[in-house]
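Undergrad: Once you've had a glance at the structure underneath, I'll fire off some questions.
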Amino acid sequence: MLKSMRRPRYLIPLLIVLLSANSPSAQPQTEPAAGEASFNIFMRSTPVGFEQILLSRSDDGWVVRSRGDLSAPIDLRNQSFELGYDSELRARALQIVGVRSNDPFSLRTTFENGRATSQLETGSEQETVTNTVSPNVVVLPDYFFGGYEMLAWRLRNSVSGEEIPVYVSPRNNTRVRVDQVTTQQIETRSATVVDARVYRISFLSEDSPLTVEVWADASHRLLRVTIPRVALDVVRDDIAGVGTRVVSVSHAGDEAVRVRSEGFALAVTLTTPADREQPEAGWPAVLLVPGPTASDRDGTVAGVPVRGQIAGALADAGFMVARYDRRGIGQSGGRPESAGIQEYADDARSMVRYLDDRDDVDNDRITILGQAVGGWTALLTAARERRADNLVLVGAPGTTGADLVLEQQRALLNRLDVSEEERTERVRLQTQIIDALLEDGSWDGVPEEMRSQADSIWFRSFLEFDTADIMRRARQPILILHGVRDTQIDVHHATRLAELARARRRDVSVEQVLLDDVDHTLIETETGGAPSYDDMGTRTISQSAIDTLITWLEQRRGN
């Protein structure tokens, strides 16, 4: 951060963290509630640091104090942070002492008469910066999260379109624009439900806005911050545990159950049709299998709870639907670092057997549905589990894992402006990594960081997976759904899957359906690219995909 302070460039705060919440009050709050809290900070789901924050009431205002530590790539030690506001919540003074990339530094900013004067010391270097600021500015120095306490309070009554002045000490003024305000629920392992208010905001800049999602509880205290552009997550410690899940979608027929797997329990949402009479044979059942990188049982992708929406639509059509957190994620037990596709298929088999043993399930009509690489888990489960009657593959690959990796790398390079020399080197390095994992090839010359990421049980099982070999062993009727505008798994994979399925020595139904104007998440789109972040939370999966799925399922009567 200090090096960026020395350059006269526009700074945008990348992380937003507020204090923990106290219990909701029956009366409207007229001022922030004093208290302390700890936050865990993640980058690409990997812990990179923490910050402990204390908000105190002084005789004539408020003081925010914090300390913390952030590892690379930020590499910042917050030894002391103190930010004062007066009783009307106007900034008075900021003082920071810390170490960035082994360089000690200090920053002091005072606010008086509409001006902010900052004194920055880095080693023997000193610098003074003065800027004009708004009287009600919120002070947000880069990477010091305690500064965002007052932003949380300012957001409590905000509406879409509102703008809040921000000063990024010691350099620049900017504004926060409120883009959308929604509600959400978080369910803890103890079954406590926390009501959250979600603010989608944009830090405005001359180049492009930085979109951020800020979650606060009923007391207007922060729960979570998500910054998609840089894959950063800041989470209050009481909701950061494995026993916590975000309830991104709900249905009147939802029921939380736990299902035993290999030495631990899977946390499951079972959705039963509401206001319908149960058939004599029991409900036809659909198991929604999570992908090996799924962050929750609802299958949230780009803000859209894909599996959660599928579950609700199928339940409304008369199907019992089960979806679950993969092992070690959300409220499920187990450890994901020791799991490959085989182990994830074991969990799915436990779920099939659970459904088959239920008295209210038609055990001749149990369908497994897997999407993207989760389709491989579903396919392997179907090949190994005779109690599964039907199989649906949505946007699933039709090759080996090794071939898929190289295909997707080439597609990415085609979109990037890189030289032919660099393109050749990247493909060579990727091929070397694959050979090292599958054929005991050499790791010589492979950066240690890349090797540590690649050399895992999961990635090895991914590379080894051979769709053609597993398909030969699957006996079930198969529906293959694929969006024509899928840019992550190209549509030619659907054709390959259909060819493999029809080549089986079994007289069973194989149906391939290509969905026009539908992308990888089953959402209708004009381009197939990622949806605008401002649209998240309002988008729904394609009705044509749902109609196709329901029609096919209603035709299945077991084998």
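36 is the number of the first residue of the sequence shown in the numbering used here; add one for each residue after it. Cβ atoms here follow ideal geometry from the backbone N, Cα and C, with glycine treated the same way.
Applying the criterion that 16 or more other CB atoms from any shown protein chain within 10 Å of the CB defines a buried residue, is L598 buried or exposed?
TA: Since the first residue shown for the chain is 36 and the last is 594, residue 598 is missing from the structure and cannot be characterised.
Undergrad: Nearest to V229 by CA position, among N207, D252, I262 and T209, is which residue?
TA: In the sequence shown, residue 229 corresponds to position 194, counting from 1. Answer by Cα proximity: D252.
Undergrad: Roughly how many angstroms lie between the CA atoms of V427 and L404, to the nearest whole one?
TA: Working through the sequence shown from its first residue, we reach residue 427 at position 392. Working through the sequence shown from its first residue, we reach residue 404 at position 369. Answer to the nearest angstrom: the Cα atoms are 5 Å apart.
Undergrad: Report the residue ranges of all alpha helix (DSSP H) runs contained in full by the region 128-202; include only those spanning at least 4 residues, in chain order.
TA: 184-190
Undergrad: Please name the residue, chosen from L415, I468, A346 and L448, that lies closest to I576 on a Cα-to-Cα basis.
TA: Residue 576 sits at position 541 when you count from the first residue of the sequence shown. Considering only alpha carbons, the answer is A346.
Undergrad: Assuming D181 contacts E86 under a Cβ cut-off of 8 Å, what Cβ separation, rounded to an integer in Å, is found between them?
TA: Sequence index remark: in the sequence shown, residue 181 carries index 146 (1-based). Sequence index remark: in the sequence shown, residue 86 carries index 51 (1-based). In the sequence under discussion, the amino acid at residue 181 is Gly, which differs from the Asp named in the question. Sure, about 7 Å apart at Cβ, within 8 Å.
Undergrad: F116 lies in the beta strand (DSSP E); which residues open and close that run?
TA: Position 81 of the sequence shown holds residue 116. For F116, the enclosing beta strand (DSSP E) stretches over residues L111 to D121.
Undergrad: Going by the DSSP bridge assignment, what does M355 pair with across the sheet?
TA: Walking along the sequence shown from the start, residue 355 turns up at place 320. Beta-bridge pairing links M355 to A320.
Undergrad: Under 7 Å between the Cβ atoms of A350 and G288?
TA: Here residue 350 refers to the residue found at position 315 of the sequence shown. Here residue 288 refers to the residue found at position 253 of the sequence shown. Their beta carbons are under 7 Å apart, which means A350 touches G288 by this criterion.
Undergrad: Count Cβ pairs between the region 121-137 and the region 94-109 that sit closer than 8 Å; are there 3 or more?
TA: yes
Undergrad: Taking DSSP as the reference, what is the three-state secondary structure of F77?
TA: Translated into the one-based positions of the sequence shown, residue 77 becomes position 42. In the structure shown, F77 sits in a strand (DSSP, three-state: E or B).
Undergrad: Which of the three DSSP states, helix, strand or coil, is assigned to Q578?
TA: Against the sequence shown, residue 578 aligns to sequence position 543. Three-state result, Q578: helix.
Undergrad: Could you please give the first and the last residue of the uninterrupted beta strand (DSSP E) stretch that includes I513?
TA: As a working note, residue 513 is residue 478 in the sequence shown. Unbroken beta strand (DSSP E) run through I513: I513 to G518.
Undergrad: Take L90 and list the residues in its own chain whose beta-carbon comes closer than 7 Å to its own, dropping the five residues that flank it on each side.
TA: Against the sequence shown, residue 90 aligns to sequence position 55. Residues L54, P67, A69, G70, W97, V99 and E184 of the same chain have their beta carbon placed closer than 7 Å to that of L90, with the five preceding and five following residues left out of the count.
Undergrad: Mapping the DSSP letters down to three states, classify D382 as helix, strand or coil.
TA: Taking the sequence shown and counting its residues from 1, the one referred to as residue 382 is at position 347. If DSSP states are grouped into helix, strand and coil, D382 belongs with the helices.
Undergrad: Does W478 come out as helix, strand or coil in the three-state DSSP assignment?
TA: Indexing the sequence shown from 1 puts residue 478 at position 443. Here W478 sits in coil by DSSP.
Undergrad: Residues in the same chain with beta-carbon distance under 8 Å from L441, minus the five sequence neighbours each way, listed in chain order, please.
TA: Locating residue 441 in the sequence shown gives position 406, counting from the first residue. Closer than 8 Å at Cβ, skipping near neighbours: V462, Q465, T466 and I469.
Undergrad: Counting contacts by CB-CB distance shorter than 7 Å, is F116 in contact with chain C?
TA: No chain C appears in this structure, which consists of one protein chain only.
Undergrad: Between I199 and V211, what straight-line distance do the alpha-carbon atoms span, to the nearest angstrom?
TA: The residue you call residue 199 lines up with position 164 of the sequence shown. The residue you call residue 211 lines up with position 176 of the sequence shown. Spanning the two alpha carbons is a distance of roughly 5 Å.
Undergrad: With a cut-off of 8 Å on the beta carbons, I'd call A529 and I515 a contact; round off their distance for me.
TA: Here residue 529 is taken as the residue at index 494 of the sequence shown, counted from 1. Here residue 515 is taken as the residue at index 480 of the sequence shown, counted from 1. Yes, A529 and I515 are in contact; Cβ-Cβ is about 5 Å, under 8 Å.
Undergrad: Answer with buried or exposed for L472, where buried requires no fewer than 16 other C-beta atoms within 10 angstroms of its C-beta.
TA: For the purposes of this step, residue 472 is taken as the residue at position 437 of the sequence shown. Flag for L472 reads buried.
Undergrad: Comparing alpha-carbon positions, which option in A72, S195 and S204 lies nearest Y234?
TA: In the sequence shown, residue 234 corresponds to position 199, counting from 1. Answer by Cα proximity: S195.
Undergrad: Would you decide whether Y568 is buried or exposed? Buried here means 16 or more other CB atoms lie within 10 Å of its CB.
TA: Within the sequence shown, the letter at position 533 stands for residue 568. Bear in mind that a pLDDT of 40 at Y568, under 50, signals an unreliable position, so the number given afterwards is only what the model happens to contain. With 16 or more other Cβ atoms inside 10 Å of its own Cβ, Y568 counts as buried.
Undergrad: With DSSP run on the structure shown, which of helix, strand or coil describes D268?
TA: If you number the sequence shown from 1, residue 268 lands on position 233. D268 falls in the strand class under three-state DSSP.
Undergrad: Please state the DSSP three-state secondary structure of D392.
TA: The count along the sequence shown starts at 1 and reaches residue 392 at position 357. It is helical.
Undergrad: Between the C-alpha atoms of A266 and H255, what's the straight-line distance to the nearest angstrom?
TA: Reading the sequence shown from its first residue, position 231 is the one you call residue 266. Reading the sequence shown from its first residue, position 220 is the one you call residue 255. Approximately 24 Å, taken between the alpha carbons.
Undergrad: Which of helix, strand or coil does DSSP assign to A529?
TA: For the purposes of this step, residue 529 is taken as residue 494 along the sequence shown, with counting starting at 1. Three-state result, A529: helix.
Undergrad: With respect to the alpha helix (DSSP H) encompassing Q443, which residues constitute its N-terminal and C-terminal limits?
TA: Looking up residue 443 in the sequence shown gives position 408. Q443 -> alpha helix (DSSP H) spans G436 to R450.
Undergrad: Does R342 come out as helix, strand or coil in the three-state DSSP assignment?
TA: Counting from one through the sequence shown, the residue named residue 342 turns up at place 307. In the three-state reduction of the DSSP assignment, R342 falls in the helix class, which pools H, G and I.
Undergrad: At the level of alpha carbons, what is the spacing between E297 and V387?
TA: Within the sequence shown, the letter at position 262 stands for residue 297. Within the sequence shown, the letter at position 352 stands for residue 387. Taking the straight line joining both Cα atoms gives about 14 Å.
Undergrad: Would you call the CB atoms of G84 and D110 closer than 7 Å?
TA: For the purposes of this step, residue 84 is taken as residue 49 along the sequence shown, with counting starting at 1. For the purposes of this step, residue 110 is taken as residue 75 along the sequence shown, with counting starting at 1. Cβ atoms of G84 and D110: not closer than 7 Å.
Undergrad: Just reading off the alpha helix (DSSP H) that E557 is part of, what are its end residues?
TA: For the purposes of this step, residue 557 is taken as the residue at position 522 of the sequence shown. Residue identity differs from the one stated: residue 557 is Leu in this sequence, not Glu. Taken as a continuous stretch (DSSP letters only), L557 belongs to no alpha helix (DSSP H), as it is neither H nor E.
Undergrad: Could you check what DSSP says for L549 in three-state terms: helix, strand or coil?
TA: By 1-based counting over the sequence shown, the position of residue 549 is 514. L549 falls in the strand class under three-state DSSP.
Undergrad: Have a look at the DSSP bridge pairing and note the partners of N208.
TA: Counted from its first residue, the sequence shown places residue 208 at position 173. Answer by DSSP bridge pairing, in chain order: Y202.
Undergrad: Beta-carbon within less than 7 Å of E589's beta-carbon, same chain only, minus the 5 sequence neighbours each way: which residues are those?
TA: Locating residue 589 in the sequence shown gives position 554, counting from the first residue. No residues qualify anywhere along the chain.
Undergrad: Across the region 500-513 and the region 532-548, are there enough close Cβ pairs to call them in contact, namely three or more that are closer than 8 Å?
TA: yes
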